[in-house]
Structures are given as structure tokens and as C-alpha cells.
Amino acid sequence: MAVETLGSVQRRKVAPWNDPIIRGWTFQIVVIALVGLLAWYLVSNTMANLERQKIASGFDYLGREAGFEIGDSMISYSPANTYARAILVGMLNTLKVAGLGIVMATILGTLIGVGRLSSNWLLAKICECYVETFRNVPLLLWLFLFYKLISEAFPGPRQAISVLGSIFLSNRGLYFPVPVADPVHRWMGVALLVGIAGAVVLHRWAKKRQAATGQPFPSIWAGFGLALGLPILVWLLGGAPAAMSWPALKGFNFEGGTVIQPEFTALLLGLVLYTSAFIAEIVRSGILALHKGQTEAATAIGLSRSQVIRLVLLPQALRVIVPPMTSQYLNITKDSSLAIAIGYPDLVASVNVTINQTGQAVENVLIIMAAYLTVSLSISLFMNWYNKQIALRER
Amino acid sequence: MKKFSLAWAVGVAAVLMSGNAMAGKDLDAIKARGSLICGVPTGIAGFGVADSQGKWTGLDVDVCRAVAAAIFGDSEKVKYTPLTAQQRFTALQSGEVDILSNNTTATLTRDTALGLDFTAVTYYDGQGFMVNKKLNVKSAKELNGATVCVAPGTTTELNLADYFRAQKMSFKPVVIEKVDEIRAAFFSGRCDVYTTDASGLYATRAANVPPPAKSDDFIILPEIISKEPLAPAVRHGDQQFEDIVRWTQYAMLEAEEYGINSKNVDQMLKSDNPTIKRILGVTPGMGKALGVDEKWVVNIVKQVGNYGESFDRNVGAGSILKIDRGLNKLWTQGGLQYAEPIR
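Chains as they are written, first to last, in the working numbering: chain P, 1318 to 1712; chain G, 1326 to 1668.
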């Protein structure tokens, strides 16, 4: 058409150094070659320097015995295991605190953010104070404060605060009874996943039906019932194994049951309270970004206050909220490495000890970088996917 | 922590970027700079600690001062870089510090795979356990199930795991990088036991117990579970500098053995004893062989003292720590401190 004709008219013989296409490609190739050359220089120079100083290199050390103990592990671990497993233990601990932190900070942040917009003066002011306090003090100081509070304020294990003789709170952490491991538990886990999947399907069906017929269906409650009911059903079918492991004071510490350690608590508390202050502001800005006509229109058609928020405001606000929220989730994951200051055995702690015992800083730093990059990119990918799901569909 | 990641970044960047080495390059760089950069502990009373004026003292610090006295004739030409147990090796490998005098145990792995060289042993130590008296524990064998405070990246951390495995006992570690934080965790009762080298335990008990608790509330258990020969380290690649560090330490021991101290060194210059004449450079040759001034030992002893003086002032009878010399007596008095002869 017109544009193409114009293009073909302008296309006449030019010298190759004046041809924009050739010039473009040349510059791109030169830049790539320079970057490649720099990378090659750094790698080969590093190898040569390490070799000359007779510092060991390579990843062979991962298979050697680690020899150090880790205080908090989700999988079985002993000093006789390898460095690779020690690093895996740290990785899982990082994922645990980051995952829980993201969920809890989102819930708390949303509540605070909505609370700041409340017409109740006291509630709004309390939420405002919360935000200003937590986001204006560095996270590291919060971590030190919470850790000191826990280890100084609670009594030793022999004077532990006891609730009903089965839950114990001391400066060693919170001990509580857990069911003794049983094969049924695995199937309960499967049932939970099935229940959640069922709830999602149910919710979609309910939405479709409401769109078609206008009849609402309490899919949220039904979904909860499904997700919780199925595992309980499986438990009953499996013979209802009820054996519990009870914590009891033995020697220096409690044995039996399970424990939430002070280091973990302090870290999680710090991450959640600090980040939720930012999330609250993101949520508030998302809601404020909507025209107040939305609220008025929704109220005019007779929706209740909570329905206005849930059905009209939040779905639209999400489009504003999700992109900055991704940054906060990434922050939680990366900030969890501050664990090292208060001794929670996260990925960085495990790798640091490994660096020290093996002296292979370059390899180990690469491992840390690769691990955080993988986690962060996964979060980004998921959030970008979710963002697309809720984006305005232009038809 | 910020500081830590910075140390890494600098370390890794330095390994990535540094150019080719020449023999004696470390010594040349030190001389060109006009001062020695010394990696010291972040604060262990008696070994390396800064006072309120920022003046560093301690047995580990004295090694650096003595080396500066040997190279420059002035023990004040030292810049101190406090390093945690985790930062120290990277800092030395990457050239951030010239010498590591940091309560560090010499081991095979560190000597080889880490690319370091340990010089002479400054302090023969061993790992011990400290507990609160209230726990009524008399022996380390009673520690089954205990929570133990320990610094990461140390031989202590590994010995601890080995010891409990060998004794078929279990324990829970609480591992914090900063030594102040780990002590705070112990004194607040987060741990039942604090473990580190016995010297460190004495230092902590003497200098760091927070009131209202008293030093007497804590006991150090009799078991010593490891050998911890603490020695300064330099990185591979400059043998001449390594020689100077090693012979500086020997010079302090030789001075003590032959009765030369900071008070009498000037009279000793008039001594007829050929060994003393050789040590003090009255008979020249030793300084030249080592590549330093012939008066190097005079400078060291006058400004820093002999080994015995340094020990007494920092950790022995003249200090708050009051550690018995024990294994660290001279070999002539039944100890292990035995210097190769200066001749």
C-alpha cells in the first residue's frame, strides 16, 4: 500500500557503510563480540589467578562431607551429609520463610491498606501509624529487635510458659505437639491438592452459572469445605491415626513435638511486618486510583460495603496493584538473606559456611546468584502471567 | 549484611580482575603503600580489640605491629581491618589484607585448598565449652541434647559436630556470624553452651559478661576437645614476605629465650654473647638475609616487646584474662614455644 510504495521508492543503491540495515547489524555484532570478549577475559583471568594462587576450583566439593550441623531443617540432615545437601537445606529454609512471608504480608498488607481508607477515624489513623512506623525503620533493625525481644523476654526452657501442659513457650522457641508420622498423611496431602483443584473448578462453574442465570452460588465456602473436607475424609478412611508426639522437658531442652525456633519467628515477623507496610500503600494506591463513581454506582445498585470492595473495587484495583506487588514479593525473597544477622540457617548461611570451609568463593557465590535468580524469575513469571489474566481484555 | 556482601564483592572482583603476580609483589606493595594492612578479629579481648580511642591491642595485633617494626622500623605503620570468621579468608585471598592475624587455626585444608600459608604458631589453643553454673553441668559428656552457640565458618563449628557424633550425643546449633551477637545469644539464655577456643572463652568470661550476671556465674568445662594452633596467615605467592612474618615471630621468642626485653634491649646491644649480638644485628647479616634493616629485632623488641611481654600484657598475668601460659611457655620451661634459631 502507500507506505510500502514509499519504502520501495526510498530504497536505492547506497554504500554499505551508509546502509542502515548493514550498519545496524554491524553494531549489534560488535557489541555482542565485546561482551563475549569481556566475559571470556573475566573467566580466563579468574581461572588463571586461582590456579596461580593454588586455590582449588571446580564444583567437586559439593559431593564431600559437610561436617557442620544445621539448627533448623525441613529434610533429614546430619553433619555426615554432603555440602550439596547442606546447601539444599538452606535453600528450602529460604523458600519456607519467603513463601510464608509472601502469603502473610499480602493478607496483612491488604487489611492495613483497606483499613487506612476506612471512614472510621481511629482505624485509619492506627493503620497510618503502622505503615509509617514499619516502613521507615530499616528491616535489619527490626530483625535485631524482634530477635532480642524473643530471646530476652521469654524464660529458659526449664521455666517455660506452659499452655495446657502441651504447648511450651520459651527462649528456645514454641514447642507444640504434632501427629506421629503416618502413611495416611501423604494421602491427606494428595487429598488437599485434589480438594483445592476441585474448589477452583467449582468456583469457575459458579461464575459461569451466575453470568448465565444470575443465580449466585456460595463457591468460596463450598471450596473451603472441599479443600478441608477431603483430607479429613481420607484421614477417617485411613483409620483415623491419632497418635501424637508430645513435647516434654528432657535434660536441657524439650524433646518430641515440633518447634518454631526464635530465629525463624524473628525473621518471619520482621519480613511480614516490614513488607506489609509497603503492600498496604500499594493496595491503598490501587483503590484510590479508581474513580469514586465506581463506589457510588456499586452502592447505588444495592451492593453491601464488603461486596463493593470484593466485587467492584479490588478486581479493578488489582490491575494497578499487581505490578508493584511483584517487586515486593521479590524483595521479601531477597531480604530473607538478612537471616544471617540473627542466625536463621537460610541459603546464604549454608553457602557462607561452605565458602569458609572450602575456600571456593567464586563457585559458591555463583550458586547463591543462580538460586536467587531462579526463585526471583519464577516469581516474576508467575506474577506476569497473573497480571495478564486480570488485565483488561480488549475486544 | 551489607558489610559482608561488600567484602565479598570486593573479594570476588579482586580475584576476577587482579593481574599477574611477580615474586615479592606483596612486600613491594606494602613498602610502596607505607603501611601493613592487617586482618584482625572484630573484638576478642586479649587477642584483637579496639579501645574507645580506636587503638588496637592484643596478641594477634602485636604480630602485625612487630612485622611493621621489622619492615618499616615503626610498629605504628599498620592499618587494621576487623574481619569476621567468615570474611577473613576471602579478604586475604583477594589481597584486601596483607596478613591475617585473626585467632585462626592452621589446618591442612586452609593451608592448601584455600591458597594460604600459615607462619609460626602464636598461641597453642584448644576448643572448650562454657556453661552457666545454674545448669549444674560438670563435664562436656553431660551435654547431650544441649543448644550450643557457635560462630560459623570456624574449625570450632566442625569440631563441635565431630565431638558430638563421636560421643553419640545430639545438639542444636545456634550459628550467628557476629561474635557480639553470638555472645548476646548465649548470655540471654538462647543457648545452654558457648563453644570456641578456650582462650576465647576466658576472654569472653573476663570481658563480656553483661551485668547483673558475673564472671563467676559461668564455668568452663574441663574437656578440651581439639588442637587449635593459632597462627597468622599470608597468601601463596610471596615467600619473602612470608619469611619476614615467620622470623618476626621467631625473633620475639628468641628475644624472650635470651632474656632480651623492651626495658633492657639497649644494654643488651653491648652484650658479648655471640648469639645475642647476632640477633640484635650487632653482628650484621641476619637483617640482610631477610631483606630488612639490621636493627629489625631491636625495633621489634623495643616497640612491641618479646613474646613473654606480649603474652603477659595481653592475655597473661598483666591482663584481665589472666590465662596461664600452659602450653605457650618456652620449650626451655616445658612449653611448646620453640623458635628456630636466628643464625
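Beta carbons are placed, not taken as given, at the ideal position from N, Cα and C, and that holds for glycine.
Source: prediction; values computed, not measured.
Residues Ser1426, Thr1447, Pro1557, Gln1574 of the same chain have their beta carbon placed closer than 7 Å to that of Val1388 of chain G, with the five preceding and five following residues left out of the count. Just so you know, the alpha carbons of Ser1644 of chain P and Trp1381 of chain G end up roughly 44 Å apart. The three-state reading of DSSP puts Lys1627 of chain G in helix, counting H, G and I together. The way I'd put it, the stretch 1358–1368 of chain P doesn't touch the stretch 1631–1644 of chain P; fewer than three beta-carbon pairs between them come closer than 8 Å. Under the 8 Å Cβ criterion, the stretch 1453–1461 of chain G counts as touching the stretch 1543–1555 of chain G, having at least three qualifying pairs. Between Gln1452 of chain G and Ala1523 of chain G the beta-carbon gap is near 7 Å, inside 8 Å, which marks them as a contact. The stretch 1604–1676 of chain P contains, as complete alpha helix (DSSP H) runs of 4+ residues, the segments 1609–1617, 1631–1652, 1656–1659, 1664–1675 (chain order). Per DSSP, Arg1358 of chain G is one residue of the alpha helix (DSSP H) stretching across 1350–1358. At a cut-off of 7 Å between C-beta atoms, Lys1350 of chain G does not count as an interface residue with respect to chain P.
Using a Cβ distance threshold of 7 Å, Leu1547 of chain P and Ala1508 of chain P count as a contacting pair.
Counted as a single uninterrupted DSSP element, the stretch harbouring Gly1453 of chain G is not any alpha helix (DSSP H) but the beta strand (DSSP E) occupying residues 1452–1457.
Unbroken beta strand (DSSP E) stretches of 3 residues or longer found wholly inside the stretch 1388–1465 of chain G: 1403–1407, 1441–1443, 1448–1450, 1452–1457, given in chain order. Contacts between Gln1564 of chain G and chain P, judged by CB atoms closer than 9 Å, are missing: the closest CB pair is about 13 Å apart. Spatial neighbours of Gln1578 of chain P in its own chain (CB-CB distance under 6 Å, excluding positions within 5 residues in sequence) are listed in chain order as Asp1389, Gly1490. The C-beta of Ser1623 of chain P comes no closer than 7 Å to any C-beta of chain G.
The shortest CA-to-CA distance from Leu1379 of chain P to any of P:Asn1398, P:Ile1392, P:Asn1362, P:Leu1543 is the one to P:Asn1398. The three-state reading of DSSP puts Ser1697 of chain P in helix, counting H, G and I together. In this structure, Ala1516 of chain P lies away from Ala1560 of chain P, with their beta-carbon atoms at least 7 Å apart. Arg1560 of chain G sits in a strand when the DSSP states are folded into three classes. Each of P:Val1625, P:Glu1598, P:Asp1663, P:Trp1702 was checked against the Cα of Arg1433 of chain P, and the nearest Cα belongs to P:Glu1598. The C-beta distance from Ile1604 of chain G to Val1622 of chain G rounds to 5 Å, short enough to fall under 8 Å.
With respect to Ala1687 of chain P, Leu1664 of chain P sits apart: the two C-beta atoms are not nearer than 7 Å.
Taking CB atoms only, Val1500 of chain G has a neighbour in chain P less than 7 Å away.
For Ile1544 of chain G, the enclosing beta strand (DSSP E) has its first and last residue at 1543–1545.
In this structure Val1576 of chain P does not touch Met1421 of chain P by the C-beta definition: roughly 19 Å separates them, more than the 8 Å allowed. The alpha-carbon of Glu1482 of chain G is positioned some 6 Å away from that of Val1475 of chain G. In terms of Cα proximity to Pro1396 of chain P, the closest of G:Met1611, G:Ala1491, G:Tyr1527 is G:Ala1491. For Glu1482 of chain G, the closest Cβ of chain P is nearer than 7 Å. Secondary structure note for Ala1664 of chain G: it is in no beta strand (DSSP E), with a DSSP letter that is neither H nor E.
Gly1540 of chain P is not a Cβ neighbour of Leu1566 of chain P, given a cutoff of 7 Å. Shown here, Val1622 of chain G sits in a helix according to DSSP, grouped into three states. When 7 Å is used as the limit between beta carbons, Asn1469 of chain G is near these residues of chain P: Gly1568, in chain order.
Within the stretch 1463–1477 of chain P, the residues whose Cβ lies closer than 7 Å to any Cβ of chain G are, in chain order, Ser1468, Glu1469, Gly1473. Restricting attention to P:Ala1658, P:Leu1709, P:Leu1647, the CA atom closest to the CA of Ser1697 of chain P is found in P:Leu1647. For Val1670 of chain P, the closest Cβ of chain G is nearer than 7 Å.
Scanning its chain for C-beta atoms nearer than 7 Å, with the 5 sequence neighbours on each side dropped, one finds around Leu1440 of chain P the residues Gly1432, in chain order.
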